[in-house]
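Undergrad: Just passing along the structure, written as structure tokens.
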Amino acid sequence: MEIRYQRHIQLKEIGIEGQKKIRNSKVLVVGAGGLGCPAMQYLTASGIGTLGIIDPDVVTLTNLQRQILFKEKDLGRNKAQSAKKHLQKLNTEVTIQAFPFALTHENAAEIIGEFDLVIDGTDNFYTRYLISDQCVLLNKVMIYGALFKFEGQVAVFNYKNGPTYRCLFPLPPKIGEIPNCSEIGVLGVVPGIIGVYQATEALKVMLELGGILSGKLLTVNLLTHRNTVLDFDKNQQEIDKIKKQGKPIPIENQDCFLNFEVSLTQLSSKEKIKWIDVREEDELPRVTHLNPINYSTALDTLLESNKKIVAFCQTGMRSKIFVQKLKNKGIENCFSLKEGAAELKKWSQKSQV
Amino acid sequence: MIIKVRYFGQLQEVTGKSEEHFELTLDTTASLRRFLKTLYPKLGTMNFKIAQDNKITSDSSPLKGQLIDLLPPFSGG
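From first to last, the protein sequence lines stand for chains A and B. Residue 1 is where the first sequence starts when you use the numbering used here, and the numbers rise one by one after that. Residue 354 is where the second sequence starts when you use the numbering used here, and the numbers rise one by one after that.
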């Protein structure tokens, strides 16, 4: 350990004791994207003990402009698994766990519970509020980073019972109010810089160094270099609301997080689709000519399928829950039909003509 | 009182400015919020926090800072 981390150990602020603290840390990175990639690279190089990576998405061509951990040959592969593969080569001493599915209200407590601190590398408010609430309930530190074009925000939440994301922004944005996910452009280096800020704060928390951005929001503008640190207070009412509830409170704005719903108007009859009927066998109408498989079919057959999977039921409710379960199992490329079986039957008959 | 107002993130696009100065006398940050929403109706639906002299304050706080920052939450990652 001494040689590999010599430059850390030489710092009187770290020393051998500090490097041991890094070595004993368990960090979960939610979202292996623009923010998550650089943060993970530095944390892995720094020699943390355990790194968890959770991301349901696959690497796409537009990611490569800024998510510099990935290579062209990763295209179409799950981000958490691809990231693990590359990072393990960087440092074989780090235990790396890949979770190739979304962080949800169902699995957040179990997954976050295994780590000491969580790096928020998400691109949506739904997951960000989920992380914040779960960190409050499990007493974990959340390292927040987010960006808009040339600007970024960084803060450390729930550090030694300090303020949380809800203390800063108690009101979640309304649907469509703030563009997110793939809707906005970003200069490739901006998430790189913000993600490295997050890794820096994570290391400072592990090492118990001063100047942590707890109760402080750092705003960075890479275009103008107008950078500021703004103080904000703890809002005990917001924290108590979560504690009283005993579980994270979902926000209304699910923005891009639940974009796995698909409407018939978005589908083409020419597409090769594996249909899944989530209903019981006595529910009508049957849509037999699409050869749907029953929802009880083993997940393995779905995993092997490289076709687009679309689940349907009578109204689009049960199929949504079913698809969420598939996503949690790491099955990609699956969607829930917004319409019910009756509309699907009509659509399929029309497109056969 | 002359105050300097700085806009962050999407608020720069809504106002078309990164910062500007105003000479006005208003009692609270809520009054300032109303004033700005009248000036820029598109701000009306937006969610943002107001900081005075580098401290984020609630809407009921007296307006006494000379440097005002308007901060929307960011989403991208």
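For every residue, glycine included, the Cβ atom is placed at its ideal position computed from N, Cα and C. All of these numbers come straight from a predicted model, not from anything done at the bench.
Between the stretch 398-410 of chain B and chain A, which residues of the former have CB atoms less than 8 Å from a CB of the latter, in chain order?
TA: So the close ones are T398, M399, N400, K402, A404, N407, K408 and I409.
Undergrad: What runs of the alpha helix (DSSP H), each 4 residues or longer, lie entirely inside the stretch 379-407 of chain B?
TA: For the stretch 379-407 of chain B, whole alpha helix (DSSP H) runs of length 4 or above, ordered along the chain, are 382-392.
Undergrad: Starting from the Cα of A/S348, find the closest Cα among A/F322, A/L290 and A/K320 and give me that residue.
TA: Of A/F322, A/L290 and A/K320, the residue nearest in Cα terms is A/L290.
Undergrad: Report the rounded CA-to-CA distance for A/V353 versus A/K272, giving the unit in angstroms.
TA: Residue confidence for A/V353 is low, a pLDDT of 49 falling below 50, so the modelled location carries little weight; the figure read from the coordinates is stated next. Each residue's Cα considered, the two are about 17 Å apart.
Undergrad: Report the rounded CA-to-CA distance for A/C334 versus A/L217, giving the unit in angstroms.
TA: Going from the Cα of A/C334 to the Cα of A/L217 covers about 38 Å.
Undergrad: Which residues bound the alpha helix (DSSP H) around A/R128?
TA: A/R128 -> alpha helix (DSSP H) spans F125 to L138.
Undergrad: Going along chain B in order, which residues have a C-beta closer than 9 Å to the C-beta of A/D123?
TA: The contacting residues are S428, G429 and G430.
Undergrad: With 8 Å as the limit, tell me which residues of the stretch 31-46 of chain A have their beta carbon closer than that to any beta carbon of chain B; keep them in chain order.
TA: Hits within the stretch, in order: G31, G33, G34, L35 and G36.
Undergrad: Please list the partners that B/G362 has in chain A, where partner means a Cβ-to-Cβ separation under 7 Å.
TA: In chain order: F148 and E151.
Undergrad: When DSSP builds the beta bridges, which residues end up paired with A/F148?
TA: Answer is A/E151.
Undergrad: Anything in the stretch 230-257 of chain A with a Cβ closer than 8 Å to a Cβ of chain B? List those residues in chain order, please.
TA: Listed by position along the chain: L230, D231, F232, D233 and D255.
Undergrad: At which residues does the beta strand (DSSP E) containing B/H374 begin and terminate?
TA: Run containing B/H374: E372 to E376, per the beta strand (DSSP E) assignment.
Undergrad: Here's a check: name, in chain order, each residue in its chain whose Cβ is nearer than 6 Å to the Cβ of A/T50, leaving out the five neighbours to either side.
TA: Excluding positions up to five away in sequence, the list reads K26 and T95.
Undergrad: Pull out every residue of the stretch 185-197 of chain A whose Cβ sits closer than 8 Å to any Cβ of chain B, in chain order.
TA: Those residues of the stretch 185-197 of chain A that come within reach of chain B (Cβ to Cβ, closer than 8 Å) are V186 and P191.
Undergrad: Go ahead and pull the three-state DSSP assignment for A/G52.
TA: In this structure, A/G52 counts as strand in the three-state DSSP scheme.
Undergrad: Can you find at least 3 beta carbon pairs, one from the stretch 184-199 of chain A and one from the stretch 224-232 of chain A, that sit closer than 8 Å?
TA: Verdict: no, contact absent.
Undergrad: Determine, for A/T265, whether the minimum Cβ-Cβ distance to residues of chain B falls below 8 Å.
TA: So no, A/T265 is outside the interface.
Undergrad: Closer than 8 Å, CB to CB, is A/A342 near chain B or not?
TA: No, its Cβ sits nowhere closer than 8 Å to a Cβ of chain B.
Undergrad: Using a Cβ cut-off of 8 Å, pull out every chain B residue sitting near A/F169, in sequence order please.
TA: Neighbours of A/F169 on chain B, chain order: N400, K402 and P426.
Undergrad: So A/E13 packs on A/L209, CB below 8 Å; how close in whole Å?
TA: Their Cβ separation, rounded to whole angstroms, is 6 Å, which keeps A/E13 and A/L209 in contact under 8 Å.
Undergrad: Nearest to A/V59 by alpha carbon, out of A/P100, A/E110, A/G145 and A/L267?
TA: That would be A/P100, whose Cα lies nearest to the Cα of A/V59.
Undergrad: Tell me, which residues are paired with A/L75 by DSSP?
TA: Paired residue(s): none; A/L75 is not in a bridge.
Undergrad: What does A/P173 reach in chain B if we use C-beta pairs closer than 9 Å?
TA: Here the neighbours are M399, N400, P425, P426 and S428.
Undergrad: So, for B/I356: in the same chain, excluding its five sequence neighbours on each side, which residues have a beta-carbon less than 6 Å away from its beta-carbon?
TA: Result list for B/I356: F375, Q419 and I421, in chain order.
Undergrad: At a CB-CB cut-off below 9 Å, which residues of chain A make contact with B/D422?
TA: Going along chain A in sequence order, the residues near B/D422 (Cβ under 9 Å) are T219, T228 and L230.
Undergrad: Judging by CA-CA distance, which residue of A/K307, A/I309, A/R279 and A/L284 is the nearest neighbour of A/S296?
TA: Of A/K307, A/I309, A/R279 and A/L284, the residue nearest in Cα terms is A/R279.
Undergrad: Decide yes or no for the touch test of the stretch 232-246 of chain A against the stretch 155-168 of chain A: beta carbon pairs closer than 8 Å, at least 3 of them.
TA: Cβ pair count under 8 Å is three or more, so yes.
Undergrad: Inspect the beta-carbon positions of B/L396 and B/L389 and report whether they are closer than 8 Å.
TA: In this structure, B/L389 lies closer than 8 Å to B/L396 by Cβ.
Undergrad: Hey, would you say B/L423 sits closer than 8 Å to B/I403, going by beta carbons?
TA: Against a cut-off of 8 Å, the Cβ pair of B/I403 and B/L423 comes out as a contact.
Undergrad: With burial defined as no fewer than 16 other Cβ atoms inside 10 Å of the residue's Cβ, what is the status of A/G211: buried or exposed?
TA: It counts as exposed.
Undergrad: In three-state terms, what does DSSP make of A/C313?
TA: A/C313: coil per DSSP, three-state reduction.
Undergrad: Give the DSSP bridge partners of A/D120, in chain order.
TA: A/D120 is bridged to A/V30 and A/Y144.
Undergrad: Run the CB neighbour count on A/R4, radius 10 Å, all protein chains shown included, and call it buried at 16 or more, exposed below.
TA: Classification of A/R4: exposed, given that the 10 Å Cβ count is below 16.
Undergrad: Checking 8 Å against the spacing of the C-beta atoms, do A/L140 and A/L117 come in under that value?
TA: The question names Leu, yet the displayed sequence has Lys at residue 140 of chain A. Yes.
Undergrad: Can you determine whether any heavy atom of the ligand SAM sits closer than 7 Å to the C-beta of A/F70, and answer yes or no?
TA: This structure lacks the ligand SAM, and indeed carries no ligand of any kind.
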